[in-house]
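These protein sequence lines map, in sequence, to chains A and B.
Each position in the first sequence, counted from 1, maps to that position plus 1198 in the working numbering.
Each position in the second sequence, counted from 1, maps to that position plus 27 in the working numbering.
Cβ coordinates follow ideal geometry from the N, Cα and C atoms, glycine included.
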Amino acid sequence: MRLVSPVLLVGLWQLLSATGVLPPSKLVSPVSIVHTAYTLITTNNPAYGTLQYSLLVSGERWGIGFSIGIVIAVLLATLTGLSRVAEVCFDPIVQVLRSIPLLGILPLFIVWFGIGELPKDLIVLLGAFFPMYINTFAGIRSVDPKLGELGRILGLSRWELVRHIALPGSLPGVFTGLRLSVVGSLLALVVGEQINANAGLGFMINQAESFLQNSIIMVALIVYAILGLLADWIVRTTERKALAWRGEFTQ
Amino acid sequence: MATARGLTRRFGDRAVLDSLDLDIAPGEFVAMIGRSGSGKSTLLRALAGLDEDVTGTLTVGGQVAVAFQEPRLVPWKKVLDNVRLGLRAAGAETVARAALEEVGLAERAAAWPLTLSGGEAQRASLARALVRRPSLLLLDEPFSALDALTRISMHRLVLSLWERHKPAVLLVTHDVDEALALADRVLVLGDGRIAHSAAIELPRPRDRDHPSQVALRVRLLAELGVPAAAGT
């Protein structure tokens, strides 16, 4: 049922393109986007290769940056969430760094790390890190202190308190963080790839822009969107399983 | 089982517990009543070892277990895992299942706490307290949020568990009738001390309208500052 309105919209778009209301120089028709996608998949472009090759390059950047980013974020947030000392040490630094517009850092990264994969991976990493850190931290701090007290009465050790109370209690926050991290890191990927890349979806967009091939740009954007939707779907499916205990009133 | 001497707890200028003395014998069922803010919960928290700012001497022998007004089940652990939480000995699961059986909740062992009714959640909380074989069981108004019928069946359950395991019990309540129905001794907390203490010899189950119960009810309500005519 949720597919009805997007499908109608695409139909309307095709209709407007076919009747000439939407000129191809501004917005190409859905049919020609599909055609372009097919061509990109089947032909090996001398500049950027096939679509699947571009996707692979982008996917690798994203996978590396995203996974390292969320791992660091969860570890650091666990530390600062559980220990006031660690919070005082690290949290202010994170908060200051967070207020710097991420995409503005990119030129500096290029100065520091050159134009290879490193600055791109790093910008994706940061895009994933901040939402993950903030939501995991908030998740840990939102655990009912009465449950901590209960743990003490039941004689739980510090590690058992973390394992049975603090970490599982922070999971709702962790999942919120994951979903925002997916969005944040994809955004960082798109921008990071358009500067000084020689392969990947962003590079494909840049090339297409130089030649005013806006159907290629559309294909690349759609691929980005599919990546985002896919990742979000995976996170939500895992979330439903992991948070089954509160299922009764969220479903 | 528990002895307190000169127990004092201040919040700012106010001494909520003011040099309080208390003795609870092994296996004794003590109920404590008091107006809200009289320090009932503060005393219970002190006995549970949850209050580090309390002064005076406090000796509690053996294992202490607590059941709170809100059942405090860990929502992301199934009922059985809540009961066995913190049990390290081998066979913890068997013991936990037996405790659930005892409180009549065996078939809900695999349920999530959020799916339990108020009475079921309180049973699970009792099972979790019992499974530790406490020599002192602290009950902090555990029945006050339950409906009247559930409360009556919980009273019966607590009495039967107490008769079987014989822990010393301190039941904090604001319900005079609850205290009269369950306890060997009723304490009234006032001005930070035990203002009144009354033993009840009547065998259980007790007739609510027995003359000695009626007289004691009037007396206790008077201690709480409620004139006889307005009694419940």
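| Asked | Found |
| --- | --- |
| Interface residues of the stretch 58-84 of chain B facing chain A [CB-CB below 7 Å] | A75 and L77 |
| Enclosing alpha helix (DSSP H) for A:G1400 [first to last residue] | L1399 to S1408 |
| Assigned exposure category for A:N1396 - 16 Cβ within 10 Å defines buried | exposed |
| Beta carbon of A:K1318 nearer than 8 Å to that of A:R1377 | no |
| Where A:P1343 meets chain B, residues with beta-carbon distance less than 9 Å | Within chain B, no residue comes near A:P1343; the closest Cβ sits about 11 Å away, beyond 9 Å. |
| Length of the line joining the Cα atoms of A:G1371 and B:S187 | 43 Å |
| Partner residues on chain A for B:P124, Cβ-Cβ distance less than 8 Å | The sequence shown places Arg at residue 124 of chain B, not Pro. Simply none; closest approach about 18 Å. |
| Counterpart residues of B:V213 in DSSP-defined beta bridges | B:A58 and B:A225 |
| Exposed unless 16 or more other CB atoms sit within 10 angstroms - verdict on B:K67 | buried |
| CB contact below 8 Å: A:E1407 versus chain B | no |
| Residue span of the beta strand (DSSP E) that contains B:I51, given as start and end | R41 to I51 |
| Proximal chain B residues relative to A:I1239, where beta-carbon distance stays under 8 Å | Near A:I1239 there are no residues of chain B at all, since even the closest Cβ is about 45 Å away, more than 8 Å. |
| Residue burial classification, B:P230 (beta-carbon count within 10 angstroms, cutoff 16) | exposed |
| Chain A contact for B:V158 (CB, 8 Å cutoff) | no |
| In DSSP terms, what B:F38 is bridged to | B:R41 |
| At least three beta-carbon pairs within less than 8 Å, the stretch 1347-1361 of chain A to the stretch 1290-1297 of chain A | no |
| Enclosing alpha helix (DSSP H) for B:T287 [first to last residue] | With chain B covering 28 to 259 only, the question about residue 287 of chain B has no answer from this structure. |
| C-beta atoms of B:S224 and B:P53 nearer than 8 Å | no |
| Status (buried if at least 16 other CB within 10 Å, exposed otherwise) for B:D234 | exposed |
| For B:A154 and B:L110, believed in contact at Cβ under 8 Å, the rounded distance | Strictly speaking, residue 110 of chain B in this sequence is Val, with Leu absent from that position. The pair is a contact, with the Cβ atoms about 5 Å apart (cut-off 8 Å). |
| B:V110 (DSSP reduced to helix, strand or coil) | helix |
| Rounded Cβ spacing between B:L164 and B:V196 (contact assumed at less than 8 Å) | 5 Å |
| Pairwise C-alpha distance: A:S1230 and A:V1208 | 12 Å |
| Touch test, the stretch 1262-1279 of chain A against the stretch 1325-1338 of chain A, Cβ-Cβ under 8 Å, three pairs minimum | yes |
| Pairwise C-alpha distance: B:S239 and A:T1448 | Residue confidence for A:T1448 is low, a pLDDT of 44 falling below 50, so the modelled location carries little weight and cannot support an answer. |
| Contact between the stretch 123-130 of chain B and the stretch 80-96 of chain B (3+ Cβ pairs under 8 Å) | no |
| Coil, strand or helix - B:V167 by DSSP | The residue you asked about is not Val; residue 167 of chain B is Asp in the sequence shown. Residue state, collapsed to three classes: strand. |
| N- and C-terminal bounds of the alpha helix (DSSP H) containing B:A151 | G145 to L157 |
| Secondary structure of B:A195, DSSP reduced to three states | strand |
| Chain-ordered chain A contacts of B:G113 [CB-CB under 8 Å] | G1349, L1352, G1353, L1354 and E1358 |
| Cβ neighbour criterion (16 or more within 10 Å) applied to B:A257 | Here B:A257 scores only 48 on pLDDT, less than 50, and its place in the model is too uncertain to base an answer on. |
| Neighbouring residues, chain B, relative to A:R1259 (Cβ below 8 Å) | By Cβ distance, chain B contributes nothing, its closest Cβ being about 35 Å from A:R1259, past 8 Å. |
| Residues of the stretch 130-156 of chain B with Cβ closer than 7 Å to any Cβ of chain A, in chain order | W139, L141 and T142 |
| Reference B:G219, options B:P194, B:M59 and B:L166, closest by Cα | B:M59 |
| Cutoff 8 Å: A:W1371 Cβ touching any chain B Cβ | In the sequence on display, residue 1371 of chain A carries Gly and not Trp. No, its Cβ sits nowhere closer than 8 Å to a Cβ of chain B. |
| Whole-angstrom distance between B:I51 and B:V57, CA atom to CA atom | 7 Å |
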